[in-house]
Each structure stands twice: as structure tokens, then as C-alpha cells.
Amino acid sequence: MGTLRKLYRVQTDFDFRRPWRVMLVVSGILMLISIGSLASRQLNMSIDFRGGAVWEVPSKTMSTSDAEDVLATFDKAAGAKIQSVTDANGRRIVRVQAEAAKNIDESTKIAAALAEKAGIDANDVAANTVGPSWGKSLTNDAIRALIVFFIVIAGYMSWQLEWRMAVSGLIAVVHDVVLTLGFYSVFGFEVTPATVISVLTILGFSLYDTIVVYDRVRENAARYDRVGKYTYNAIMRRSLNQVLMRSLNTSFVAVLPVVAILVIGGVFYGQPTMMDFSLAMLVGLVFGAYSSIAIASPLVVWLKEREPRYARIRQRARDRGAEAEAEWIPMADSPVLGAPMGASAVSVDGDESAALRPKPSPLAAKAAQYQREAPPRPRKQGRKR
4 MGTLRKLYRV QTDFDFRRPW RVMLVVSGIL MLISIGSLAS RQLNMSIDFR
54 GGAVWEVPSK TMSTSDAEDV LATFDKAAGA KIQSVTDANG RRIVRVQAEA
104 AKNIDESTKI AAALAEKAGI DANDVAANTV GPSWGKSLTN DAIRALIVFF
154 IVIAGYMSWQ LEWRMAVSGL IAVVHDVVLT LGFYSVFGFE VTPATVISVL
204 TILGFSLYDT IVVYDRVREN AARYDRVGKY TYNAIMRRSL NQVLMRSLNT
254 SFVAVLPVVA ILVIGGVFYG QPTMMDFSLA MLVGLVFGAY SSIAIASPLV
304 VWLKEREPRY ARIRQRARDR GAEAEAEWIP MADSPVLGAP MGASAVSVDG
354 DESAALRPKP SPLAAKAAQY QREAPPRPRK QGRKR
């Protein structure tokens, strides 16, 4: 409870350098596994992408093995996917996905055989055929959306923050996408249109968490750069400690509804669309929260430490034998978060105090001036009885 209380009060001072090394090694291994699996096994694309036929059989008694036996008689069992799901009305549906029938007659015969096996009328079996052209169109649209996303975000982050943060943030996003797709490839989960939508959605969350960190770093850099005493790694360390609890809370709140959709809609009700969407979202949210600290932060530190300004700060500290002090910002040198600019104070000695102390806000200065110029009139005292 002590650590949790410190997190909420922004009183932690974790050193992220050692965990960064471990996290970067773990991410590198996971990236190699993901890329290797995507290159060798590739993705298990759904019928929406590769084309095929779907038969939906409403039945309470028919099993998936019964449906597989029917497909085997038509040489359609290879690569078939059979699921038992529940529709919106609570009916049990056996959903059969297989290679497309050669013609309408064969599709009708398969539907009739499935109906006979389930003991229902053949007209109750819904049959649909999906061509691969729709899947190609969806894939092309997703790729175009990714390209536009990267271009717009790179321009926005370069303009609003700086290009080093834009590069680091986009590398973290690529890391999240590759690991999410690698997760699907390694475990053989089917990629559906809902999966594609989830992957595009998690891009925004991953960047949001990263931008929260970068925005705090920018504020602290503007404050501590006037002193010229601390390295960029020290500024990043202080910034991460300040936003760590916020990032954890944001990720936890975002994961809760996704887990609810996965458990209730996907597992309990057996809705494949909810399962596909929530599973990709859950994996992406976890990787996104992880990458904002483990990938985006150390990358921007690595780039910024090579700037002449921060290289000089480190060299001066090394010459004085005070490199450890330059890598750590004391808690006393950190402003109180959430306090008005006119009320926050920094307890440091010497000339650094003036550089670190924020300037009073215009409203606070105006209020102080009014109090000096027009003090309140004393109240009249009544007669004593």
C-alpha cells in the first residue's frame, strides 16, 4: 500500500534505466519471433479475406463433428472452420465455413445434407458465398489508412513536439502492430474484419499514452533546461514518475470494458465478432501501455542525449565527478503537480531557485496587487450593551 500511496501522490522516484535494458531485450526477442512467424506461418485469414462459403445451421443437437462429417462427404473438410455460436435471439447456430462450392447445386446439396443431419428443414439453413475480392479491397483500405495515419501523426508530433519524439513514437506504434499481428500468427487466431478494426483502433491509444509522457517531458525540459544541470535522462525519469499512475489508471480503465466484452460477448454468448474485436483490442492495449514506457521513452532519450546541449551537460558533470547527480532530479526540485503557478514553490538554494520556480500567473499577480492597493474596510463595531 505504501508504493501505491506514493504513486497517487507523485512521490515515487523509480530509475527506469535498468528496466529499460531488460524491456528492450524482451521486445527485441518478441519482435524476432513475431516477424519469423509472420514470414513462415503467416496469418490465419478468415473467409472474408480468402473467400469461401458459409452455412449457418440453427440446431440444438448438431455437433461440430457432425458438420465436419457432412463436409467430408463433399471433400470440403480440409481447412474448414466450424463454430457453435448464439445469435441475437438466443438460438444456437452451428456456423460452417469452408471452401466455396463449385456451383449453386453443390451448395444446395451441402445445405440439404447439413439440414438432414440437424433434423431441420433445408430452407432453415442460411448459405452465403464470399469472394476474395472484398477481402483484398478491405486489406488495401487498411494499408492506405495506416500510411495516412503515419504521415499525419508524424507531421503533427513534429510540429507540436519535435521530430525526435515523432520518430520514437511511431517506432513504438510499429512495435505494437507487429507484436499484435505476431501474437495472432503464433497462436493461430483467425484474422477477421473486426480484428483489422481493432488494430487500427489501438494505434490511437498507443500514441495517446506516448504523447501524455512526451508532453510532460516537454514541460519539464523547458523548466530544467534553464538550469543546465540535469541530463535528458534525468528529465525523462522525473517525467515518467509524474505520469506513471495516470498511465496505469488510463490503461486499467481502458482494459476493463474490453475484458467485459471478451468474457460476456465472446466467451459467454459465443459471439465471434465480439471475440475477434475484444481479443485484438486487449492484446493491443497491453502492448500499447508497455511500449510507451519501454520503447518510446528510451528511444527519445537516446536521440536527445546526442544533442550538443545535453552532451555538454553530461560532459561537465563527468568532469566534476558529479555525473550521478546530473542523472537524478531531487523530489525537492520538482514542482507540485496541480498547484497554481503562483502558488507552487521549489525548495532549492542559490540561483537555481529563481530558474526553477514558475512565474506567477496573471490572475494571482492581479489579486496580490488588488490586496495591496485596496485593503478591505474594517467592520463597524456596535455599541456594547
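One rule links them: number in our numbering = place in the sequence shown (from 1) + 3.
For each residue, glycine too, the CB sits at the ideal point set by N, CA and C.
Residue i versus the options, residue with shortest Cα-Cα distance
i, options, result
"ARG167", "ALA116, GLU310 and VAL13", "GLU310"
"GLY138", "VAL246, VAL256 and VAL194", "VAL194"
"VAL256", "ALA292, LEU203 and ILE96", "ALA292"
"ALA130", "VAL289, PRO61, VAL246 and SER140", "PRO61"
"GLY287", "VAL28, TYR187 and LEU117", "TYR187"
"SER43", "PHE208, GLY185 and ALA237", "GLY185"
"PHE19", "ASP124, VAL176 and LEU247", "LEU247"
"ARG312", "TYR272, ASP228 and LEU259", "ASP228"
"ILE123", "GLY55, LYS63, ASN143 and SER110", "LYS63"
"THR204", "ALA327, VAL230, ALA148 and VAL155", "ALA148"
"VAL28", "LYS84, ALA297, LEU282 and THR213", "ALA297"
"SER136", "GLY54, LEU35 and ALA320", "GLY54"
Whether residue i touches residue j by CB criterion (7 Å)
i, j, result
"LEU182", "SER37", "yes"
"ASN223", "ASP16", "no"
"PRO196", "ASP51", "yes"
"VAL261", "MET284", "yes"
"MET239", "VAL215", "no"
"ILE96", "GLU119", "no"
"ILE332", "ALA263", "no"
"VAL171", "LEU302", "Looking at the sequence shown, residue 171 is not Val but Ser. For SER171 and LEU302, yes; Cβs fall inside 7 Å."
"LEU141", "VAL128", "no"
"GLN86", "ARG94", "no"
"VAL304", "TYR235", "yes"
"ALA121", "MET65", "yes"
"LEU164", "TYR217", "yes"
"GLY268", "ASN47", "no"
"VAL199", "ALA145", "yes"
"SER40", "VAL189", "yes"
Euclidean distance between Cα positions of residue i and residue j
i, j, result
"PHE153", "VAL180", "12 Å"
"VAL202", "GLN45", "17 Å"
"VAL392", "ASP72", "Residue 392 lies beyond the residue range present for the chain, which begins at 4 and ends at 388; the question has no answer from this structure."
"ARG226", "ILE150", "36 Å"
"GLU102", "ALA80", "8 Å"
"PHE77", "ASP69", "13 Å"
"ALA329", "GLU308", "13 Å"
"ARG24", "VAL289", "19 Å"
"LYS232", "SER242", "16 Å"
"TYR11", "THR253", "13 Å"
"TYR211", "ALA299", "12 Å"
"ALA125", "ILE113", "10 Å"
"LEU259", "ARG249", "16 Å"
"VAL13", "GLY5", "12 Å"
"ARG323", "ARG315", "12 Å"
"THR67", "LEU306", "55 Å"
"VAL177", "SER49", "23 Å"
"TYR159", "ILE107", "52 Å"
"ARG8", "VAL88", "45 Å"
"ALA175", "VAL266", "29 Å"
"SER110", "VAL270", "30 Å"
"SER209", "LEU74", "43 Å"
"ALA169", "VAL230", "26 Å"
"TYR272", "LEU173", "37 Å"
"LYS84", "LEU282", "18 Å"
"GLY207", "GLY82", "35 Å"
Sheet register partners of residue i (DSSP bridge)
i, result
"TRP58", "VAL99 and ALA130"
"VAL270", "Its beta-bridge partners do not exist; DSSP assigns none."
"VAL194", "MET48"
Span of the beta strand (DSSP E) around residue i
i, result
"LYS84", "84 to 89"
Residue span of the alpha helix (DSSP H) that contains residue i, given as start and end
i, result
"GLN318", "311 to 323"
"ASP279", "275 to 297"
"VAL29", "20 to 43"
"THR64", "No alpha helix (DSSP H) holds THR64; DSSP gives it neither H nor E."
"PHE77", "Element bounds for PHE77: n/a, residue is neither H nor E."
"ASN244", "235 to 263"
"ARG8", "5 to 11"
"LYS112", "107 to 121"
"ALA329", "326 to 329"
The ligand HEM heavy atom lying under 6 Å from the CB of residue i
i, result
"LEU35", "Absence of the ligand HEM is noted for the structure shown, with no ligands found whatsoever."
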